[in-house]
Amino acid sequence: MKFGVVVFPGSNCDDDTVYTLQHNLGQNVVKLWHKDHDLQGCDFILLPGGFSYGDYLRTGAIARFSPIMNEVIEHANRGGYVMGICNGFQILVEAGLLPGVLLRNLSQKYSCRNVHLLPQSKKALLTAELPQRAYKIPIAHGDGRYFIDEDGLKRLNDQDQVLFRYCEADGSFTDEANPNGSIDHIAGVSNETFNVFGMMPHPERASDEALGNIDGRYILEQLVSTVLI
Amino acid sequence: MTSTEVHDGNALPTVETARKLGVLPEEFDRIREILGRTPNFTELSIFSVMWSEHCSYKNSIVWLKTLPRDGERMLAKAGEENAGLVDIGDGLACSFKIESHNHPSALEPYQGAATGVGGINRDIFTMGARPIAQLNSLRFGNPELAKTKWLVKGVVKGIGDYGNAFGIPTVGGEVFFDECYNTNPLVNAFSAGIVEVGKVAKATSYGVGNPVFIVGSATGKDGIHGATFASEDITDKSNEKLPAVQVGDPFMEKLLLEATLEIIETGYVIGIQDMGAAGIICSTSEMSAKGEHGMIIDLDKVPTRQSNMHGWEILLSESQERMLVVVEKGKEHIIQGIFDKWDLHCAQIGEVVAAGPNDAGRLHFYQHGALIADVPAYDLVLGGGAPQYHREYREPAYYQRFKQFEISSVPDTSADELTAVAKHLLSHPNIASRRWVYEQYDSMVGTANRSTNRPSDAALVRIRDVKRPDYSKGIAMTVDCNSRYVNADPFVGAQIAVSEAARNLTCTGAEPLAVTNNLNFGNPYVPEVYWQFVQAVKGMGAACLKFGTPVTGGNVSFYNQSSDDGPVFPTPTIGMIGLVENPEHQMTLDFKETDDLIYMIGVAKNDIASSEYLYSYRKVKESPAPQFDLEEEYTLHQGLKTLIQQGMVQSMHDVSDGGLFVALAESAMPRGLGFQVSTDKNYRTDAFLFGEAQSRVLVSVKPSQQGAFQKLLGADLKLAHTLLGTVTAKDFVIDSATVMTTGEAKDLFDNSLGKLMA
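Taken in order, these protein sequences are the chains called A and B. With full-length UniProt numbering applied, the first sequence corresponds to residues 1 to 229, in that order. With full-length UniProt numbering applied, the second sequence corresponds to residues 1 to 758, in that order.
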């Protein structure tokens with residue numbers, strides 16, 4: 001089993017993601033350069049956080065046209081696993097691999113802090129086996145407000161595609177617990193075939209004892225223990 | 001490029017032209033002497049920026065040289081490289097520096113602050129160090145003013161947008177408000193990075209025939225004469241200098257970071273320097289002077305953003321995200337290949353030439369085939385021919401007047417008034433949580449910030465070494481300066497600034513290592529302002545010597561002064577780094593469990609001088625600095641280290657702005673706990689709870705360790721300590737009366753600044 005982390009110009013969580021997978025989860029990881037056309041035989045592709053192409057035009061809008069995205073899209077269409085975190089989520093939405101859009105935070109401000117997430121989908125392997133409790137995970141984004149039209153939202157809910165919802169530390173849903181105004185508190189979604197995942201919060205930033213919070217590791221461990229077996 | 005006649009197409013400048021460019025008549029004479037002829041306009045522009053205060057430190061350098069600069073861990077002397085360099089063991093070094101961007105931020109807060117962040121990070125990675133964390137120190141005027149809110153929002157967004165995209169966490173800093181900063185806000189940016197010893201890139205140039213490259217962004221007309229602009233008072237005409245403010249692009253900076261580290265890693269880089277103040281002319285002259293060689297540069301080869309730029313504009317442009325690189329001849333294609341990979345400009349603009357028989361290297365600049373400037377590098381730079389002045393100084397009248405303050409002239413806080421004072425302090429913009437500010441910064445990228453989930457007095461960042469995944473050492477860092485104290489007494493106030501920085505590091509479990517300073521003052525030609533500068537440098541030097549923390553470099557920003565408001569408070573911001581060898585010794589400031597005992601270590605004093613309480617609650621603006629004794633402070637720190645190493649305390653938090661009460665509140669709030677304490681009736685209540693006498697620290701201790709703790713402090717360390725009370729589940733209780741609930745306190749503390757800025 002092999003992970004590939006795509007490096008776009010302006011990616012800045014690529015090293016963090018590689019480090020976490022390698023040292024905190026003991027996985028085989030390679031970096032994939034955006035100008036290449038070779039996924040190097042990776043089973044699981046991760047699009048990391050950052051500011052690909054400086055967020056010019058619109059978050060994720062330019063990175064979506066990077067050469068390697070052709071192969072990433074083909075990989076996903078073949079049923080291969082792809083996950084986008086933060087800017088990676090924005091790119092997957094722009095690429096049409098995930099439904100919905102990510103808008104400017106309701107506060108109109110970038111926001112970096114710990115929030116809580118409640119795992120939702122019982123169909124997506126990323127969340128199906130996660131014990132039901134609030135997970136403390138950091139966010140760091142200016143454009144993280146998930147939005148989808150009414151029909152789309154109904155489809156997401158009916159098909160159990162919502163991966164995580166923002167919640168309070170006790171797991172309850174309040175307006176205050178929603179850090180960016182996302183519709184229905186949505187923090188992450190899956191595609192209809194449950195092989196493409198996207199989430200705004202950063203589990204890789206909460207995966208190391210040294211940082212005093214390993215709630216993110218429980219989430220990423222699902223990739224190894226459930227998704228890729 | 002054969003012409004030897006120097007001609008830039010302009011009429012020869014007069015002493016009047018020189019004056020307009022900020023060059024004094026005696027400096028104009030000196031330039032004629034150096035060149036053996038009258039400089040042309042291009043050459044005069046070159047001298048005007050290189051001899052500006054910002055580049056030459058001409059009015060500060062004689063005093064800066066008195067600061068302690070040596071230490072066994074120092075790998076580069078102050079001013080020798082782009083930033084200080086400290087050995088942290090295991091073949092690694094920490095490069096760190098602080099720099100101001102005050103004047104640009106006063107006019108265009110967003111770009112001014114953003115480019116300040118960009119500039120300081122380039123200083124770090126141009127040495128081959130990958131930045132690991134950033135801090136900033138900000139000062140603004142009255143927060144009720146619409147203009148101040150505009151400045152605060154612009155500066156914070158500028159720092160955030162640049163630093164967040166650049167991808168290095170902003171892990172701490174300070175924000176302070178006072179009317180003296182109404183016209184002149186201060187924006188000081190700090191960055192620290194890690195580099196392998198032996199792989200440090202130098203800001204030098206040598207090797208005849210070696211190619212000189214300009215890399216990164218194209219050169220435009222922005223920021224021309226920015227260095228000169230930063231060397232003047234701000235007036236109502238300053239808005240006309242808007243083109244002197246640069247525009248930043250963090251995406252470009254991120255690419256430049258990766259490409260720069262990659263070319264340095266090849267080993268083919270002779271020298272490299274970022275282009276900040278004074279652009280191409282500054283890098284070419286400083287690198288050449290250091291390497292004792294000359295350069296021939298063809299300005300036609302510089303990638304520009306627009307056509308028809310004058311030679312002097314290309315030379316002086318402060319366009320951001322650029323570097324000058326001298327490479328081993330024959331390796332051009334390797335360097336070119338790396339910049340191509342990152343889609344960045346990389347243009348050879350000239351080559352290194354030998355020094356002449358009578359000089360240490362000359363710079364020849366050509367444009368359209370003509371030699372437009374021919375200047376000796378050495379004479380342009382600090383430490384070379386740049387002027388150095390001894391300025392007149394005089395004790396200002398207010399200094400003695402402040403000392404006449406009598407505490408008896410102020411009524412003590414009555415028991416009925418405690419809640420009012422407590423609310424005033426916890427919601428005051430100088431004390432309330434900076435959450436509204438720091439949540440706009442990415443503080444967690446890099447997965448290295450150990451303080452996110454473990455609050456401490458200084459930020460602690462682990463060194464993440466891919467080659468050694470088990471590596472666990474960390475760098476603690478802080479920026480500190482209570483400028484109200486420095487204004488009241490520059491000598492004592494500067495000592496306190498250094499001491500508070502060291503105390504914050506010590507309370508985090510770190511061993512303080514070294515200092516970088518950002519000296520923000522008014523106009524150095526005003527003797528009373530210069531007296532503040534001299535006294536502050538003396539105080540800082542004394543304290544740095546005591547703590548064994550040499551000054552590795554930094555930045556001087558004069559002319560923070562306006563016709564309306566006069567000079568700002570003298571603000572010598574101290575940036576200090578410390579080493580945490582063992583992460584288990586990281587200490588945190590939050591109370592952990594109910595029934596833990598709360599102690600104050602250090603001596604209570606009947607002192608409210610210069611406290612936030614006296615200044616903003618009692619509205620007494622004139623009082624001396626708080627009581628302070630350097631020896632007492634030093635002894636305290638040594639004892640604190642022992643307490644931490646022996647595992648005697650659950651939490652540790654220094655007593656600073658807002659006094660003991662605010663320290664108690666800040667320790668209680670993170671976990672939603674409370675406290676129950678008694679005041680000491682030998683002191684005035686206000687002095688005991690809200691006074692800011694120095695050298696005091698708040699700790700909490702497990703009841704089971706009380707005996708051992710008291711024995712260690714009393715018999716062994718001989719440190720004064722007072723049992724104040726206990727940690728409780730909720731409510732702030734003082735002398736049996738509930739002053740407020742923890743919930744009320746948290747609401748005021750967490751949300752006041754955000755409400756003010758809304």
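Note that CB positions come from ideal geometry on N, CA and C, so glycine has one too.
Check: Cut-off 7 Å between Cβ atoms - residues of its own chain near Val529(B), not counting five sequence neighbours on either side; Outcome: Phe521, Gly522, Asn523 and Pro567
Check: Partner residues on chain A for Asp343(B), Cβ-Cβ distance less than 8 Å; Outcome: Pro9
Check: Expected contact under 8 Å - CB spacing of Val195(B) and Gly128(B) to nearest Å; Outcome: 5 Å
Check: Ala758(B) versus Glu351(B) - alpha carbon distance; Outcome: 54 Å
Check: Amino acids of chain A, ordered along the chain, whose beta-carbon sits closer than 7 Å to that of Asn453(B); Outcome: Leu211, Gly212 and Asn213
Check: Cutoff 8 Å: Glu439(B) Cβ touching any chain A Cβ; Outcome: yes
Check: C-beta atoms of Leu418(B) and Val49(B) nearer than 8 Å; Outcome: no
Check: For Glu27(B), the three-state DSSP class (helix, strand or coil); Outcome: helix
Check: Trp33(A) (DSSP reduced to helix, strand or coil); Outcome: strand
Check: The segment 56–68 of chain A contacting the segment 88–102 of chain A, beta-carbon criterion three pairs below 8 Å; Outcome: yes
Check: Three-state secondary structure assigned by DSSP to Val580(B); Outcome: strand
Check: Contact under 8 Å by Cβ, Val498(B) with Val515(B); Outcome: yes
Check: Contacting positions in the segment 721–754 of chain B - beta carbon closer than 8 Å to chain A; Outcome: none
Check: Within-8 Å CB hit, Val215(B) to chain A; Outcome: no
Check: Near-chain A residues of the segment 247–261 of chain B (beta-carbon distance less than 9 Å), N- to C-terminal order; Outcome: Asp249, Pro250, Phe251, Met252, Lys254, Leu255 and Glu258
Check: Inter-stretch contact at 8 Å, needing at least 3 Cβ pairs: the segment 140–152 of chain B / the segment 405–425 of chain B; Outcome: no
Check: Ala18(B) classed as buried or exposed, judged by whether at least 16 other C-beta atoms fall within 10 angstroms; Outcome: buried
Check: Residues within the segment 102–127 of chain A neighbouring chain B, beta-carbon criterion of under 8 Å; Outcome: Lys109, Tyr110, Ser111, Cys112, Arg113 and Asn114
Check: Segments of 3+ residues assigned as beta strand (DSSP E) that fall wholly inside the segment 270–301 of chain B; Outcome: 294–298
Check: Local Cβ density within 10 Å of Leu12(B), reported as buried at 16 or more and exposed below that; Outcome: exposed
Check: Sequence-distant residues of its chain with Cβ nearer than 6 Å to Ile644(B) (five each side left out); Outcome: Gly509, His585 and Met587
Check: Three-pair Cβ contact test at 8 Å for the segment 263–272 of chain B versus the segment 362–369 of chain B; Outcome: no
Check: Residue ranges of each beta strand (DSSP E) within the UniProt domain "PurM-like C-terminal" (596–731) of chain B, 3 or longer; Outcome: 597–601, 651–654, 674–677, 697–701 and 721–728
Check: Positions along the segment 157–184 of chain A whose CB lies within less than 7 Å of some CB in chain B; Outcome: none
Check: Start-to-end residues for the alpha helix (DSSP H) that takes in Glu262(B); Outcome: Pro250 to Thr266
Check: Coil, strand or helix - Ser3(B) by DSSP; Outcome: Note that Ser3(B) scores 49 on pLDDT, short of 50, meaning its location in the model is unreliable; the coordinates nonetheless yield the value given after this. Three-state result, Ser3(B): coil.
Check: Min CB distance Gly522(B) to chain A below 8 Å; Outcome: no
Check: Opening and closing residue of the beta strand (DSSP E) in which Gly553(B) lies; Outcome: Val551 to Ser557
Check: Gln645(B): CB within 7 Å of a non-hydrogen atom of the ligand GTP; Outcome: No copy of the ligand GTP occurs in the structure displayed, which carries no ligand at all.
Check: Sufficient close CB pairs (3 or more, under 8 Å) joining the segment 473–492 of chain B to the segment 619–632 of chain B; Outcome: yes
Check: Burial state of Trp436(B) (16 or more Cβ within 10 Å); Outcome: buried
Check: Cβ of Tyr53(A) within 8 Å of any chain B Cβ; Outcome: yes
Check: Range of the contiguous alpha helix (DSSP H) that encloses Phe591(B); Outcome: Per DSSP, Phe591(B) belongs to no alpha helix (DSSP H) and is neither H nor E.
Check: Extent of the continuous beta strand (DSSP E) to which Gly193(B) belongs; Outcome: Leu186 to Glu196
Check: Beta-carbon contacts of Leu130(A) that lie in its chain and below 8 Å, excluding the five residues immediately before and after; Outcome: Pro119, Tyr218, Ile219 and Gln222
Check: Range of the contiguous alpha helix (DSSP H) that encloses Leu756(B); Outcome: Thr742 to Met757
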